[in-house]
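Contents: one structure, followed by commentary.
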Amino acid sequence: MSETLLSMRKITKRFPGVLANDEISFDLFKGEIHALVGENGAGKTTLMKILYGLYSPDSGEIYIKGKRITIKNPKEAINGGIGMVHQHFMLVPPFTVLENIIIGEETKKFGLLDESLPAEKIKALMEKNGLIVDLNSRVEDVPVGLQQRVEILKILYRGAEILVFDEPTAVLTPQEVEDLFKTFRQLISQGKGIVFISHKLDEVLEIADRITVIRKGRVIKTLNRDEATKSLIAELMVGKPVLLEVSRPDVKEGPAVLEVKYLSLQDYRKVNILTDVSFTVHAGEIYGIAGVEGNGQTELVEVIAEAAPILHGDILLNGESITNWDVRQRREAGISHIPEDRHRYGLLLPFSLAENLTLGMHHKEPFVNRFQIINKNKIREHAKAVIEKFDIRTPSELTTALALSGGNQQKVIVARELSTEPKLLLAAQPTRGVDIGATEFIHNQLMIAKKEGRAVLLVSADLDEVMSLSDRIGVMFKGRIIKEFEREKTTKEEIGFYMMGEKEHAGN
Amino acid sequence: MPVIKFKFNKYKLLELFAPVAGFIASIIVLLIIVIAVGESPGKSLVAIYKFSLSSSAKVATILSMSIPLFFAGIAVAFAFQSGVFNIGVEGQYYFGGLVGAMAGIYLHLPAFIHIPVVVLFSMLGGALWALIPAILKVTKNVHEVITTIMFNSIALAFVNYLVNGPLSGLGKGKSLEPQTAKIQSTALFGKLNGAFRFLGWNVPDYVYLDYSLIVAIIIGFLVWFVLFRMRYGFEIRAVGTSLDVSKYAGIKVKRVQLAAFILSGALGGLIGLQEIFAIRGYYTYSIASGLGFDGIAIALIGKNSPLGVVFAAVLFAFLKQAGYGLQFYTAVPNSVIYVITGLMILFIVVINEVVAAYIRALRKKEAV
Chain A
260 MSETLLSMRK
270 ITKRFPGVLA
280 NDEISFDLFK
290 GEIHALVGEN
300 GAGKTTLMKI
310 LYGLYSPDSG
320 EIYIKGKRIT
330 IKNPKEAING
340 GIGMVHQHFM
350 LVPPFTVLEN
360 IIIGEETKKF
370 GLLDESLPAE
380 KIKALMEKNG
390 LIVDLNSRVE
400 DVPVGLQQRV
410 EILKILYRGA
420 EILVFDEPTA
430 VLTPQEVEDL
440 FKTFRQLISQ
450 GKGIVFISHK
460 LDEVLEIADR
470 ITVIRKGRVI
480 KTLNRDEATK
490 SLIAELMVGK
500 PVLLEVSRPD
510 VKEGPAVLEV
520 KYLSLQDYRK
530 VNILTDVSFT
540 VHAGEIYGIA
550 GVEGNGQTEL
560 VEVIAEAAPI
570 LHGDILLNGE
580 SITNWDVRQR
590 REAGISHIPE
600 DRHRYGLLLP
610 FSLAENLTLG
620 MHHKEPFVNR
630 FQIINKNKIR
640 EHAKAVIEKF
650 DIRTPSELTT
660 ALALSGGNQQ
670 KVIVARELST
680 EPKLLLAAQP
690 TRGVDIGATE
700 FIHNQLMIAK
710 KEGRAVLLVS
720 ADLDEVMSLS
730 DRIGVMFKGR
740 IIKEFEREKT
750 TKEEIGFYMM
760 GEKEHAGN
Chain B
30 MPVIKFKFNK
40 YKLLELFAPV
50 AGFIASIIVL
60 LIIVIAVGES
70 PGKSLVAIYK
80 FSLSSSAKVA
90 TILSMSIPLF
100 FAGIAVAFAF
110 QSGVFNIGVE
120 GQYYFGGLVG
130 AMAGIYLHLP
140 AFIHIPVVVL
150 FSMLGGALWA
160 LIPAILKVTK
170 NVHEVITTIM
180 FNSIALAFVN
190 YLVNGPLSGL
200 GKGKSLEPQT
210 AKIQSTALFG
220 KLNGAFRFLG
230 WNVPDYVYLD
240 YSLIVAIIIG
250 FLVWFVLFRM
260 RYGFEIRAVG
270 TSLDVSKYAG
280 IKVKRVQLAA
290 FILSGALGGL
300 IGLQEIFAIR
310 GYYTYSIASG
320 LGFDGIAIAL
330 IGKNSPLGVV
340 FAAVLFAFLK
350 QAGYGLQFYT
360 AVPNSVIYVI
370 TGLMILFIVV
380 INEVVAAYIR
390 ALRKKEAV
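These protein sequences, in sequence, are chains A and B.
Counting in my numbering, the first sequence runs from 260 upward without gaps.
Counting in my numbering, the second sequence runs from 30 upward without gaps.
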């Protein structure tokens, strides 16, 4: 093909006890989108941090346009024409778009900040790439998709030719993803090169020219787009065949388990977070909530899982109002909860796995006797059974939760919440930050729960996930469920429109 | 799985190593300071040895001194376990001791009932003094550090007033320090020295190894049992580890903290047992001060575990004795001795924390 922009040769990086990168070679041509895929902990991030000068490699060489360079810090990476759009944006929210773009590269005139010169330059960049943003709005007032444009403009302003995107689509709606891909195509047509890191294989197949799969710190294979399929990539990533499509059991819907009626909630500033939210989840049904994050989904799950002072409305479980119940009553009535922020809510890290697996049921027999004395044997037996059933990888049930890998910690939470045999399972972002293998596991567990006649409320920012698992889908926008769909009777695009609130008033 | 077993042992060894290393480091600092003030290090070490480990009498003295320190440490540690920072053990001890003493003075009971009763009344008094800060914390979110410090001052002034006024046991014109009436003989704590001598440990009569030692052993066991073998203790430790996780799991966080706070006060009420019921036989506002604060450091060094608190209390008693030794036999000024004991505590705590952080980092790496 054409000229090589970037070439990383035999990069090795060792952390104590882990070989993060094992002689990884990776190159990028001019005008190419090269996808980098792999499970969490496979070494993608380490490789990119080496490229960006955040880590220095133990051995290996980096060439840019055939010239060998060493990158000691991000400044040198930027000077070498490397730009990175991080998963979490590096923007200063109260600053304007313009200020965010020029930050660190300000031009001065008589010692004063000069904004007119860069403004011209940025406007030219915006037109050339179709990245239109109002330079004078504050970043905090701008939607996420546009914030990403600001990030892209920021690196283009610094003259980047090698653009690294770390999970750029994770926070975007389908329409925003389309826009981003248009930008990608525009950029490569100007001879730039793009490294695209993503978990979403559909997107990788749609946009990438070549795909490099990394597993356990090694390059497994680099594929051209025409030879790649979704199942092949997944298999290379995991190291064994993966079932990507969830088989959906045919379950006859039972009676209503969860009924939410005209629920409204305000925050401490008296701003409505939820407004007249109503929906029903039946036994044997998965009800998915789609929506751009921050439209009230988090609060909706919280208010069902735990008591919170609501403005008005009612929450019913099996026909009984639970609105004024505390967390323990709700749990005992059969509500389980896979929390969104698992680091914060999920586990008592210094406690043993066995103790963590009984958390929430720890006060009930057989885990305590009637004198409230803990029965350690019963706790261990229960833990052993759950570890076996849910295939949690751990040396023993007495290992502290702290000592488990992230993926296994997630599994512990899912296993615990399902081992209570709940009537209603609240699953908030259940696969966020989880690799393919664990995602497959969690999806299967949700399906098993459905088959066993449990009601499942699934909230996910990943529209594909909501689409493939749910029986019915409610779209949340600004604290309301603005539209409800049967899964078979809608498309991703249609839901995407509602997610952006564009049909806010058209529905109903 | 031998590999895992080895790793487990490695952490345990490291954990045990921390306080030892801290102790050694603090001794080195001590010697440096001693040299700096122009005293001979050898002479100082001998002085410390003479006052701490040279005879069974000295060892028994350290054990005796560690009893109130143990109560102070366990009181603070119990609250710590639930995430409550009870700085008010000092006040709870003053007030608890007074309530216990009142039961000892004014109730008429046979000894085998009277002694448990004064113990319980001391706990009750300590609990009462913790009650208001505890309620303010869980209902109004008033931080306990503020309220308990205030309550320390209130306690001191309050018992001062009571002992000088309504509860004074002195006739008019007596020039003794203000104090209550004498505690009845049925409530006084006898000594265990005879029993120890019978067991072959030569404890002289002037050392106080009294019934409070038995109370300490019982309390230590009970606290351990509640914390690590009962559901309440599990919830206390869970709340102390993470409020968010505990709430999520349905634990009634406020109720747990309220209970732990009040029970911590009850434990604090026991600090005065030895001095009031074994040594003095009456109550005065000038009972040993500062023990409640020593309890904070003891809990910290003992990592809030009952067994750890036992060791930390003995260590503290040793440091105090070492200080007396330096005072007695060397020219090291008094104030410098306080500096040294303070530094030793600091060193042990800091090295403990550094090692704990190191272990955490090791574990994290292995988890990858």
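Heads up, the beta-carbon is just placed ideally off N, CA and C, and yes, glycines get one too.
These numbers come from a predicted model, not from an experiment.
Just verifying my parser: in three-state terms, what is the DSSP assignment at residue i?
i, result
"Ala-390 (chain B)", "helix"
"Asn-181 (chain B)", "helix"
"Glu-320 (chain A)", "strand"
"Phe-610 (chain A)", "coil"
"Ser-197 (chain B)", "coil"
"Asn-388 (chain A)", "helix"
"Met-152 (chain B)", "helix"
"Asn-531 (chain A)", "strand"
"Leu-264 (chain A)", "strand"
"Ser-580 (chain A)", "strand"
"Met-620 (chain A)", "coil"
"His-541 (chain A)", "strand"
"Ala-487 (chain A)", "coil"
"Gly-133 (chain B)", "helix"
"Ala-642 (chain A)", "helix"
"Thr-355 (chain A)", "strand"
"Gly-755 (chain A)", "helix"
"Met-786 (chain A)", "Shown here, chain A extends from 260 to 767; a query on residue 786 (chain A) therefore has no answer."
Relative to the C-alpha of residue i, which residue among the options is closest?
i, options, result
"Leu-348 (chain B)", "B:Met-259, B:Tyr-235, B:Asp-323, B:Val-268", "B:Asp-323"
"Gly-120 (chain B)", "B:Gly-301, B:Leu-344, B:Gly-352, B:Ile-305", "B:Gly-301"
"Val-536 (chain A)", "A:Gln-556, A:Ile-545, A:Val-551", "A:Gln-556"
"Ala-278 (chain B)", "B:Leu-256, B:Ala-267, B:Gln-286, B:Asn-193", "B:Ala-267"
"His-541 (chain A)", "A:Leu-716, A:Phe-369, A:Val-344, A:Glu-282", "A:Leu-716"
"Leu-272 (chain B)", "B:Lys-72, B:Val-167, B:Val-49", "B:Val-167"
"Pro-514 (chain A)", "A:Leu-612, A:Leu-576, A:Ala-549", "A:Leu-576"
"Val-274 (chain B)", "A:Pro-598, A:Glu-579, A:Leu-517", "A:Pro-598"
"Leu-384 (chain A)", "A:Val-409, A:Leu-683, A:Val-401, A:Ala-279", "A:Val-409"
"Val-510 (chain A)", "A:Tyr-314, A:Ile-707, A:Leu-264", "A:Ile-707"
"Val-146 (chain B)", "B:Val-128, B:Leu-336, B:Phe-227, B:Pro-162", "B:Val-128"
"Ile-61 (chain B)", "B:Ala-386, B:Met-373, B:Ser-334", "B:Met-373"
"Tyr-527 (chain A)", "A:Ala-493, A:Leu-683, A:Ile-569, A:Gly-543", "A:Ile-569"
"Asn-359 (chain A)", "A:Ile-341, A:Gln-407, A:Ala-336", "A:Gln-407"
Measure how close the beta-carbons of residue i and residue j come, nearest whole angstrom, since I'm counting them as under 8 Å.
i, j, result
"Gln-213 (chain B)", "Ile-134 (chain B)", "7 Å"
"Ser-284 (chain A)", "Val-436 (chain A)", "Not a contact, Cβ separation roughly 30 Å."
"His-641 (chain A)", "Thr-617 (chain A)", "6 Å"
"Arg-260 (chain B)", "Gln-669 (chain A)", "27 Å between Cβ atoms; not a contact."
"Ile-291 (chain B)", "Leu-160 (chain B)", "6 Å"
"Gly-605 (chain A)", "Ile-672 (chain A)", "4 Å"
"Glu-656 (chain A)", "Ser-595 (chain A)", "Not really, about 21 Å apart at Cβ, beyond 8 Å."
"Glu-494 (chain A)", "Tyr-416 (chain A)", "Glu-494 (chain A) to Tyr-416 (chain A), Cβ: 41 Å. No contact."
"Ile-741 (chain A)", "Ala-549 (chain A)", "With a Cβ gap of about 11 Å, Ile-741 (chain A) and Ala-549 (chain A) do not count as contacting."
"Leu-728 (chain A)", "Val-516 (chain A)", "About 17 Å separates the two Cβ atoms, so there is no contact after all."
Could you tell me which residues DSSP puts in a beta bridge with residue i?
i, result
"Ile-672 (chain A)", "Paired residue(s): none; Ile-672 (chain A) is not in a bridge."
"Ser-523 (chain A)", "A:His-571"
"Asp-239 (chain B)", "B:Lys-220"
"His-596 (chain A)", "A:Leu-685"
"Leu-222 (chain A)", "This structure does not reach residue 222 (chain A), given that chain A is present from 260 up to 767, and the question cannot be answered."
"Thr-398 (chain B)", "In the structure as shown, chain B begins at 30 and stops at 397. Residue 398 (chain B) is therefore absent and cannot be evaluated."
"Thr-659 (chain A)", "A:Ser-611"
"Thr-481 (chain A)", "A:Thr-471"
"Ile-632 (chain A)", "B:Met-259"
"Val-627 (chain A)", "A:Ile-633"
- Query: Considering only residues of the segment 324-395 of chain B, which uninterrupted alpha helix (DSSP H) runs meet the minimum length of 4 residues and lie entirely inside it, listed in chain order?
  - Reply: 335-358
- Item | Runs of alpha helix (DSSP H) wholly within the segment 666-748 of chain A (minimum 4 residues, chain order) | 695-710, 722-728
- Start-end ranges of the alpha helix (DSSP H) lying completely within the segment 374-427 of chain A, minimum 4 residues: 375-388, 403-416
- Uninterrupted alpha helix (DSSP H) stretches inside the segment 240-316 of chain B (no shorter than 4 residues): 240-258, 260-270, 272-277, 282-297
- Task: May I have a chain-ordered list of the alpha helix (DSSP H) segments no shorter than 4 residues that lie completely inside the segment 270-340 of chain A?
- Result: 303-310, 333-338
- Task: Would you list, in sequence order, the uninterrupted alpha helix (DSSP H) runs of no fewer than 4 residues that lie entirely inside the segment 53-99 of chain B?
- Result: 70-81
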